[in-house]
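S.K.: Take a look at this one; I'll ask things after.
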Amino acid sequence: MNVLVIPSNRADCLETFCQRWRSVKDWDELIVVWDGPASEAPHVPEAACVLSWDTIERDLGDDAWIVSRKNAGIRIAGYLEAARRGAAVIATIDDDCYPAGDAFMRSHLDALLQTPRWVTSAMNMTARGVPYRNRGGLDSVHVNAGLWRTVGDYDAPHSLVLGADLQHFDPVATPRIIAAGQYVPVSTMNVAFRREALPLMYLPLMGQGQPYDRFDDIWGGVILKKVCDHLGWHVSVGRPVVDHHRASNPFRNLVKEAAGIERNETFWRDVDAVTLHASTPADCMNELAAVLLNYSDPHTQALGKAIPRWVQHATSF
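Structure (structure tokens):
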């Protein structure tokens, strides 16, 4: 079973999302994570379930604090619910992303399960020597990040500088594997992963009550890529492409991102410096968390405390 998870705190966006995807959806179930109390959550007929602050507190108990509020990182509660329901592949996009021509889940599945070992050396042609039929297949792609057209996944400073040009992004979505040792923004605005990678998909605390915001998927992606490289797993980027019509305000986003911009210059180096020895996703995450606990930065310490709690829930199904 393949499950799509979307976070939202905007009932109008949810309604539009469901309308746009109704005729082309190719996932088995939809899980909505409502970033607010259950009393404010809208009814979403298309969803298998609508989670809320209340259900997160019920399901995680004393560990509910590891899930962000007032931040899109709350979507990780939907990952756990998807795994609980038996999902083999879990995908997630934002509520302001719409169909762009690609078969959404099928494209993610192709990347995760059918990425060939042979690729052409020239992206705009099939170079001499590429086998016609026997191109092999990679069984080690565990995470695939799709892209976005119309409005790219820009940070607030770039959004403000681009202005009207912001609305005309059209990516070259050639599928590719990110090399070991390289980092890449793994935007949860369009990403899918195999069930086995769930322990690696934790998103650091952001938003309400936190010093940082809007870097949840970026910093989570750094941790993900660090562990994937160690395990010999691969992260791919490219398709599917979704049509992104940003609903957030870039001026407000600038305020939210300001504190994290400087920390973003060093966070990846802190993670990159960790030496891993473990051989399983769960053990690698716990090993990394133990190192993060030793940092003087309270937010990094909290991350070190949160990761083992996440891993315990992610491996409980």
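Residue 125 in the working numbering is what sits at position 109 of the sequence shown, and the numbering runs on without skipping anything.
In this text, a Cβ means the ideal position worked out from N, Cα and C, and glycines have one as well.
What is the DSSP secondary structure of P115, reduced to helix, strand or coil?
M.R.: strand
S.K.: Assess contact between the region 287–302 and the region 227–246, defined as three or more Cβ pairs (one per stretch) separated by less than 8 Å. Is contact present?
M.R.: They touch, by the three-pair rule.
S.K.: Taking its Cβ as the centre, do 16 or more other Cβ atoms sit within 10 Å of S252, making it buried, or is it exposed?
M.R.: Buried is the label assigned to S252, since at least 16 other Cβ atoms lie within 10 Å of its Cβ.
S.K.: By Cβ distance below 6 Å, which residues in the same chain neighbour A330 in space, the five residues on each side in sequence not counted?
M.R.: L214, P215
S.K.: Helix, strand or coil, according to DSSP, for T296 in the structure here?
M.R.: coil
S.K.: Closest to M17 by CA distance: which of R36, Y218, W43, Q35 is it?
M.R.: Ranking R36, Y218, W43, Q35 by CA distance to the CA of M17 puts W43 first.
S.K.: Give the secondary structure of V290 by DSSP, where H, G and I count as helix, E and B as strand, and everything else as coil.
M.R.: coil
S.K.: Applying the criterion that 16 or more other CB atoms from any shown protein chain within 10 Å of the CB defines a buried residue, is H57 buried or exposed?
M.R.: Here residue 57 turns out to be Ala, not His, going by the sequence shown. Buried, because 16 or more other Cβ atoms sit within 10 Å of the Cβ of A57.
S.K.: My guess is that I109 and I22 are in contact by the Cβ rule of under 8 Å, so how many angstroms apart are they, rounded?
M.R.: Indeed, because the Cβ distance is near 6 Å, the residues count as touching under 8 Å.
S.K.: Going by beta-carbon coordinates alone, are D233 and T204 separated by less than 8 Å?
M.R.: yes
S.K.: Please say whether Q224 and H315 have beta carbons closer to each other than 8 Å?
M.R.: no
S.K.: Quick check on DSSP: helix, strand or coil for T166?
M.R.: strand
S.K.: Can you tell me the Cα-Cα spacing of G153 and C300, whole angstroms?
M.R.: 26 Å
S.K.: For E212, write down the residues that DSSP places opposite it in a beta bridge.
M.R.: Answer is none; E212 lacks a bridge partner.
S.K.: Secondary structure at H158, three-state DSSP: helix, strand or coil?
M.R.: strand
S.K.: Only counting the same chain, and skipping five residues up and downstream in sequence, which positions put a Cβ closer than 7 Å to that of G248?
M.R.: S156
S.K.: So, for W70: in the same chain, excluding its five sequence neighbours on each side, which residues have a beta-carbon less than 7 Å away from its beta-carbon?
M.R.: Checking the displayed sequence, the identity of residue 70 turns out to be Asp instead of Trp. Once the five neighbours on either side are set aside, the close Cβ partners of D70 are P53, A54.
S.K.: S39 to E278, Cα distance in whole Å?
M.R.: 43 Å
S.K.: Drop a sphere of 10 angstroms on the beta-carbon of R262, count the other beta-carbons inside from all chains shown, and report buried for 16 or more, exposed for fewer.
M.R.: buried
S.K.: With H, G and I counted as helix, E and B as strand and the rest as coil, what does DSSP make of A107?
M.R.: The answer is strand: DSSP assigns A107 an E or B state.
S.K.: Using CA coordinates, which residue listed in V49, S295, A195 is at the minimum distance from K86?
M.R.: V49
S.K.: Let's test the definition: count the other Cβ atoms within 10 Å of the Cβ of A116 and tell me whether it reaches 16, buried, or not, exposed.
M.R.: buried
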